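Asks: My structure is below; once you've seen it, I'll send some questions.
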Amino acid sequence: MSGSGVRAAAGWVLRTLGRALTVVVVTATVVFLALRLAGGDPVEAVLGGPGSQAGPEAVAAARAQYGLDLPLWQQYLVQLRNVLTLDLGDSYARRVPVSDLLTAQLPATAVLALTSLALAWVIALAVAVLATTARGRLGRAAARVLRGGELVASVLPHFWLGAVLIVVFASTLHWFPATSTPGSPASLVLPTVTLAVPLAGFLGQLVRDSLEEAESAPFATTARARGASPTRVLGRHTLRHAVLPAVSLSGWAFGSLLSGAVVVEVLFGRPGLGRLLVDATLVRDVPVVVGAVVVVALAYVVLTVVVEALELALDPRRRAGDALVAAA
Amino acid sequence: MRRPALLPLTATLASAALLLAACSGTAGDDASGAPDASGDAGAATPSAGGTLVYASGDAEPTCLDPHVGGNYPQALLASQFLEPLVGRDADGTITPWLATEWTTSDDGLTWDFTLAERTFTDGTAFDAEAVKANVEHLKDPATGSSTGYLALAKVDSVEVVDAQHARFHLSEPDAALLESLSQPWTAMESPTGIARGTDANCLAPVGTGPFVVTGSTPQQQVDLVRNDDYVRPDGTAEPALLDGITWRFLPDAATRYAALISGEVQVIDNPQPDTIAAADADSSLGVEHIDAPRPGSVNRIELNSGQAPFDDLAVREAFIRAADPEPGIETLFAGVTERSFSPLASVEPLAYSDPDLFTTDVEAANALLDQAGWTTRDADGVRTKDGNRLTVRMPVSTNQSVAAEQSLFEQIQANVAGVGFELVLEPMDLGAWYTALGNKEYEAVSAPYTKVGPDVLRILYHSDGTVPAPSGYFANHAFVRDAELDAWLDEAASTQDDDRRAELVQQAQQRVLEGFYILPLYDQQNHFLVRGATGVDVLHTVSTPTFVDASLTS
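Order-wise, the sequence lines are chains A and B. Residue numbering for the first sequence follows numbering that gives the first Met the number 0, beginning at 0 and increasing consecutively. Residue numbering for the second sequence follows numbering that gives the first Met the number 0, beginning at 0 and increasing consecutively.
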């Protein structure tokens with residue numbers, strides 16, 4: 000690697016770190032303010048939740064223990080310092096370190112989001128290829144149905160789809176459990192499908208649009224003129240072109256999966272970050288909410304970087320010249 | 000044109016199928032101990048042993064020790080592993096439990112309890128020292144107790160007379176002491192367990208109950224196993240039939256019901272009214288319905304008499320005459336509950352009802368508002384007086400009011416609009432809701448309150464209840480400040496004459512109803528659905544379930 004290449008790479012790393020830091024500070028600030036301005040007293044989280052009738056000494060002791068007797072701006076600075084020093088503090092309600100809670104809950108959400116993302120991609124690719132390559136009257140009719148299906152799927156609300164899947168596949172057919180049991184992969188199926196289907200509809204539309212565009216592009220015509228089979232054209236040329244916009248949006252998609260996880264984890268009674276966030280928000284357990292949101296934001300940053308790398312790998316045009324700099 | 004190339008398509012579909020197959024591979028051998036989903040619920044034969052799965056819709060307790068804070072989700076779980084000093088039977092009579100006998104001094108300031116011989120599941124003896132340690136734990140500010148702390152407010156100290164005799168010293172006579180001690184929030188814990196500190200004790204409090212906490216997975220479940228040395232309240236040593244209970248947290252009501260029907264769980268709480276009605280109507284589902292209203296207060300709408308417009312009795316009466324909640328209660332709650340006309344729950348023996356005060360009368364409501372000076376109406380049909388609209392803000396806790404209740408409020412909103420009220424329903428989460436109440440940003444509110452016995456009236460309607468706790472909370476949302484009522488409630492709280500107490504409690508309820516401070520709706524709903532198990536019962540203290548005689552059926 001040349002000297003300019005090293006400088007470029009170093010610059011890229013610095014910029015990425017700077018971006019991560021900005022995201023952390025901004026999200027921690029917004030979450031802290033939103034939570035403290037929403038009403039509700041965090042000290043009640045320590046004393047059994049909202050509506051606590053604990054005595055004056057108990058309230059004073061809890062305030063002192065968690066620094067809730069300080070002015071709000073000082074509480075904010077303490078929270079910010081904690082986040083920046085990677086010490087997320089203790090949960091008001093659960094009395095355990097926030098980092099322990101997050102470590103325990105993160106894997107469940109990560110597994111759910113990743114399997115959903117994978118399933119969404121599989122469905123999206125299958126449908127897009129089917130819809131684009133279909134020939135004949137019947138094939139074209141099927142393609143039209145699939146296109147309509149993509150649109151419908153992409154707007155399905157998670158809570159509705161999940162409830163329907165539970166009624167059909169758990170209550171009626173008894174194929175899959177409605178609820179989560181530790182160590183049971185079967186209980187992952189319905190939540191995964193619930194998250195994956197709307198996303199697949201969205202990704203599918205993107206892939207199909209650009210696949211159709213690519214199929215009529217000059218490079219595809221050229222390949223066909225050279226005698227390449229439709230399979231080869233699809234596999235080597237057009238599909239690669241077609242997935243790019245959807246890959247670029249996979250970072251966003253992962254973010255949408257994490258927000259969908261809030262609904263799905265509550266609906267299916269799964270442990271995870273989303274449910275932790277809901278419960279913690281309810282009792283104004285500030286350190287937990289801030290910690291969880293910051294971790295999610297960081298995951299998002301990491302994913303964006305991964306997506307950029309993927310784009311580079313898939314798109315030869317981006318690799319030319321100082322692509323690394325351009326990408327960052 | 001050539002035929003479509005099927006290879007890539009087939010490959011993609013095949014990989015999708017593989018993925019699904021990989022995910023579903025273990026569907027048949029589910030790791031949980033739940034019985035087979037396809038089992039016929041009709042052919043129910045009880046069997047000893049097995050692990051019952053309970054699915055709770057209540058929030059997951061952040062601390063399993065009900066001395067800390069003290070809410071209903073904690074009470075549900077604590078009833079399985081902790082026991083109180085006294086119990087209460089269906090007609091409200093206090094019964095022996097960990098205390099076998101008690102006497103009180105003539106001045107009501109000294110109570111002597113004789114204790115049963117029991118051992119905590121960690122081997123620590125249950126004795127007078129343990130009782131003393133529990134009361135001190137509840138009163139220690141560091142514990143952060145709310146409910147238990149309030150319940151024992153009049154207890155000054157506990158004296159250890161000897162191992163089997165504990166003497167309570169009170170600061171003033173307390174007619175509600177035994178009722179307070181029957182609640183799970185004041186139940187007895189092992190002093191050795193308490194001495195481990197709050198963090199450890201929160202994870203696994205130690206009691207004398209039929210089950211023992213062995214572990215928990217946050218946001219998933221708490222694991223309980225049978226206490227083989229369990230001694231029942233009557234002194235017979237007879238453990239529970241079940242091997243254990245898996246106590247799961249399933250926040251979504253529809254999912255809980257689906258899990259019950261598919262056999263993943265055997266007991267659910269907080270079912271929706273329509274699923275209760277469905278289960279009641281269709282016996283082929285094999286679902287047993289347990290209706291166990293909570294004690295204390297009914298669910299009611301409290302009208303804030305501390306500020307306009309409800310500082311005017313006529314306006315309160317007009318609202319109540321126009322609200323007409325009965326048709327809504329019948330349809331929205333699918334016949335699973337009845338309209339109440341009392342401040343107290345129907346399970347309280349001293350509950351007093353007066354349906355005549357609550358007959359719907361739109362004409363009377365209009366006349367009352369006219370007389371009260373709300374004579375003009377604006378373009379929206381809302382009455383006005385001196386330029387003020389007849390607006391009623393009602394914060395609605397979306398965590399406490401179920402969907403049916405929120406719909407009922409919307410019907411009431413439409414009904415009172417007919418006579419010129421603008422009822423503004425403000426849905427909000429629990430924290431924001433308590434803040435709105437604390438700031439008195441409400442004219443009407445529905446706030447549940449669970450407590451054993453009629454002493455709940457003193458908490459909700461005594462003028463002392465308008466003074467906020469340090470957290471800002473005050474229980475007297477109707478802002479009732481009536482010196483005579485205060486005197487009755489004070490006397491009812493301290494008299495040792497049961498007849499006199501009953502008389503005072505009735506007078507107090509009459510006064511609350513006749514003052515149109517509240518619109519009673521129905522008992523605090525507390526239902527359990529059971530399928531695949533038998534022998535599930537309910538304690539008559541705060542209506543929590545007990546599984547000491549429960550067994551799985553197959």
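We treat Cβ as the ideally placed atom computed from N, Cα and C, and that holds for glycine. Just so you know, these numbers come straight off a predicted model, no measurement behind them.
On the DSSP letters alone, give me the boundaries of the beta strand (DSSP E) that Thr113 (chain B) sits inside.
Replies: For this step, residue 113 (chain B) is matched to residue 114 along the second sequence. Its beta strand (DSSP E) spans residues 109 to 114.
Asks: So, are the CB atoms of Glu188 (chain B) and Leu81 (chain B) less than 8 angstroms apart?
Replies: Here the question's residue 188 (chain B) lines up with position 189 in the second sequence. Here the question's residue 81 (chain B) lines up with position 82 in the second sequence. Closer than 8 angstroms, so yes.
Asks: Output the boundary residues of the alpha helix (DSSP H) element that contains Gly192 (chain B).
Replies: Translated into the one-based positions of the second sequence, residue 192 (chain B) becomes position 193. Note, Gly192 (chain B): alpha helix (DSSP H), 190 to 193.
Asks: According to DSSP, is Gly27 (chain B) part of a helix, a strand, or is it coil?
Replies: Numbered from its first residue, the second sequence carries residue 27 (chain B) at position 28. Because Gly27 (chain B) carries a pLDDT of 32, less than 50, the predicted location of this residue cannot be relied on, and the following value inherits that uncertainty. Gly27 (chain B): coil per DSSP, three-state reduction.
Asks: Listed in chain order, which residues of the region 47 to 69 of chain A have Cβ atoms closer than 7 angstroms to some Cβ of chain B?
Replies: Cβ contacts with chain B come from Gly47, Gly48, Pro49, Gly50, Ser51, Gln52, Ala53, Gly54, Pro55, Glu56, Ala57, Val58, Ala60, Ala61.
Asks: Could you name the residues of the same chain whose beta carbon sits closer than 7 angstroms to that of Ser153 (chain A), not counting the 5 residues immediately before and after it, in chain order?
Replies: Locating residue 153 (chain A) in the first sequence gives position 154, counting from the first residue. Excluding sequence neighbours, Ser153 (chain A) sits near Pro197, Gly200, Phe201, Gln204.
Asks: Going by alpha carbons, who is nearest to Asp88 (chain B) out of B:Glu178, B:Thr197, B:Asp268, B:Ala363?
Replies: By 1-based counting over the second sequence, the position of residue 88 (chain B) is 89. Among B:Glu178, B:Thr197, B:Asp268, B:Ala363, the Cα nearest to that of Asp88 (chain B) belongs to B:Glu178.
Asks: Can you tell me which of the three DSSP states Trp120 (chain A) falls into?
Replies: For the purposes of this step, residue 120 (chain A) is taken as the residue at position 121 of the first sequence. Three-state DSSP puts Trp120 (chain A) in a helix.
Asks: Do Ala19 (chain A) and Leu297 (chain A) come within 8 angstroms of each other at the CB atom, strictly closer than that value?
Replies: Taking the first residue of the first sequence as position 1, residue 297 (chain A) is located at position 298. Taking the first residue of the first sequence as position 1, residue 19 (chain A) is located at position 20. The answer is yes: Cβ separation under 8 angstroms.
Asks: Only counting runs of 4 or more residues, tell me where the alpha helix (DSSP H) segments fall wholly within the region 165 to 246 of chain A, in order along the chain.
Replies: You should have 185 to 214, 217 to 224.
Asks: Please check if any C-beta of chain A sits within less than 8 angstroms of the C-beta of Ala280 (chain B).
Replies: For the purposes of this step, residue 280 (chain B) is taken as residue 281 along the second sequence, with counting starting at 1. Output row for Ala280 (chain B): interface = no.
Asks: Could you tell me whether the Cβ atoms of Thr108 (chain A) and Ala260 (chain A) are closer together than 8 angstroms?
Replies: Numbered from 1 along the first sequence, position 109 holds the residue referred to as residue 108 (chain A). Numbered from 1 along the first sequence, position 261 holds the residue referred to as residue 260 (chain A). Contact flag set, yes.
Asks: Tell me the DSSP secondary structure of Glu329 (chain B) in three-state form.
Replies: By one-based count along the second sequence, residue 329 (chain B) stands at place 330. Helix, per DSSP.
Asks: Could you give the first and the last residue of the continuous alpha helix (DSSP H) run that contains Val361 (chain B)?
Replies: Indexing the second sequence from 1 puts residue 361 (chain B) at position 362. First-last of the alpha helix (DSSP H) with Val361 (chain B): 361 to 370.
Asks: On the CB-based measure, 16 or more other CB atoms within 10 Å of its CB, does Asp35 (chain B) come out buried or exposed?
Replies: Translated into positions along the second sequence, residue 35 (chain B) becomes position 36. Its pLDDT being 37, under 50, Asp35 (chain B) is placed unreliably by the model, and nothing is read from it.
Asks: Which residues of the region 141 to 154 of chain B have a Cβ closer than 9 angstroms to any Cβ of chain A? Give them in chain order.
Replies: Result list: Ala141, Thr142, Gly143, Ser144, Ser145, Thr146, Tyr148, Leu149, Ala152.
Asks: Spell out the partners DSSP gives Phe384 (chain B) in its beta bridges.
Replies: Residue 384 (chain B) sits at position 385 when you count from the first residue of the second sequence. According to the sequence as given, residue 384 (chain B) is Lys; it is not Phe. Lys384 (chain B) is bridged to B:Asn387.
Asks: Please classify Pro209 (chain B): is it buried, with 16 or more other beta-carbons within 10 angstroms of its beta-carbon, or exposed?
Replies: Looking up residue 209 (chain B) in the second sequence gives position 210. Buried: at least 16 other Cβ atoms inside 10 Å.
Asks: Assuming Phe248 (chain B) is part of the beta strand (DSSP E), what are its boundary residues?
Replies: Counting from 1 along the second sequence, the entry for residue 248 (chain B) is found at position 249. Segment 243 to 248, the beta strand (DSSP E) holding Phe248 (chain B).
Asks: Given a cut-off of 8 angstroms, decide if Tyr516 (chain B) and Ser304 (chain B) are closer than it, judged by their beta-carbon atoms.
Replies: Numbered from its first residue, the second sequence carries residue 304 (chain B) at position 305. Numbered from its first residue, the second sequence carries residue 516 (chain B) at position 517. In contact: Ser304 (chain B) and Tyr516 (chain B) (Cβ atoms closer than 8 angstroms).
Asks: Do Gly107 (chain B) and Ser493 (chain B) have their CB atoms nearer than 8 angstroms?
Replies: Along the second sequence, one-based indexing puts residue 107 (chain B) at 108. Along the second sequence, one-based indexing puts residue 493 (chain B) at 494. Yes, they are a contact pair.
Asks: Please decide whether Val295 (chain A) counts as near chain B, where near means a Cβ-Cβ distance under 8 angstroms.
Replies: The count along the first sequence starts at 1 and reaches residue 295 (chain A) at position 296. False, the Cβ-Cβ gap to chain B never drops below 8 angstroms.
Asks: Out of curiosity, what's the CA-to-CA distance linking Phe340 (chain B) and Phe309 (chain B)?
Replies: Start at 1 with the first residue of the second sequence, and residue 340 (chain B) comes out as number 341. Start at 1 with the first residue of the second sequence, and residue 309 (chain B) comes out as number 310. Whole-angstrom Cα-Cα distance: 20 angstroms.
Asks: Just to confirm my understanding: we take Tyr521 (chain B), look at its own chain, exclude 5 residues before and 5 after, and list those with CB closer than 8 angstroms. What are they?
Replies: Against the second sequence, residue 521 (chain B) aligns to sequence position 522. Closer than 8 angstroms at the Cβ level, and outside the excluded window around Tyr521 (chain B), lie Val297, Asn298, Ile328, Phe332, Thr336, Glu337, Arg338, Ser339.
Asks: When the Cβ atoms of the region 287 to 302 of chain A are set against those of the region 141 to 155 of chain A, are three or more pairs found closer than 8 angstroms?
Replies: The region 287 to 302 of chain A, when compared against the region 141 to 155 of chain A, does not touch it at the 8 angstroms Cβ threshold.
Asks: Does DSSP put Arg457 (chain B) in a helix, a strand or coil?
Replies: Within the second sequence, numbered from 1, the residue matching residue 457 (chain B) stands at position 458. Looking at Arg457 (chain B) - three-state DSSP - the assignment turns out to be helix.
Asks: State the start and end residues of the unbroken alpha helix (DSSP H) segment that holds Tyr299 (chain A).
Replies: In the first sequence, counting from the first residue as 1, residue 299 (chain A) sits at position 300. Start and end: 285 to 313.
Asks: I'd like the ranges of any beta strand (DSSP E) spanning at least 3 consecutive residues and lying wholly in the region 146 to 191 of chain B.
Replies: The region 146 to 191 of chain B contains these whole beta strand (DSSP E) runs: 154 to 161, 164 to 169.
Asks: What does Gly430 (chain B) reach in chain A if we use C-beta pairs closer than 8 angstroms?
Replies: Locating residue 430 (chain B) in the second sequence gives position 431, counting from the first residue. By Cβ distance, chain A contributes Ala37, Gly38, Gly39, Asp40, Glu43, Pro49, Leu281, Val282, Arg283.
Asks: Does Arg376 (chain B) pass the burial test, meaning 16 or more other C-beta atoms within 10 Å, or should it be called exposed?
Replies: By 1-based counting over the second sequence, the position of residue 376 (chain B) is 377. It counts as exposed.
Asks: Contact criterion: CB-CB distance below 8 angstroms. Does Asp208 (chain A) meet it with respect to chain B?
Replies: In the first sequence, the residue the question calls residue 208 (chain A) occupies position 209. Output row for Asp208 (chain A): interface = no.
Asks: Since Trp101 (chain B) is in the beta strand (DSSP E), which residue starts that stretch and which ends it?
Replies: For the purposes of this step, residue 101 (chain B) is taken as the residue at position 102 of the second sequence. Counting along the chain, the beta strand (DSSP E) containing Trp101 (chain B) begins and ends at 98 to 103.
Asks: At a Cβ cut of 8 angstroms, what residues of the region 461 to 476 of chain B count as close to chain A, listed as they run along the chain?
Replies: Listed in sequence order: Ala468, Pro469, Ser470, Gly471, Tyr472, Ala474.
Asks: Take the Cβ of Trp159 (chain A) as the centre, count every other Cβ of all protein chains shown within 10 Å, and call the residue buried at 16 or more, exposed below.
Replies: Residue numbering aside, residue 159 (chain A) sits at position 160 when the first sequence is read from its first letter. Counting Cβ neighbours within 10 Å, Trp159 (chain A) comes out exposed, since fewer than 16 surround it.
Asks: Measure how close the beta-carbons of Val504 (chain B) and Leu456 (chain B) come, nearest whole angstrom, since I'm counting them as under 8 angstroms.
Replies: Sequence index remark: in the second sequence, residue 504 (chain B) carries index 505 (1-based). Sequence index remark: in the second sequence, residue 456 (chain B) carries index 457 (1-based). With 8 angstroms as the limit, Val504 (chain B) and Leu456 (chain B) qualify as a contact, their Cβ atoms being about 7 angstroms apart.
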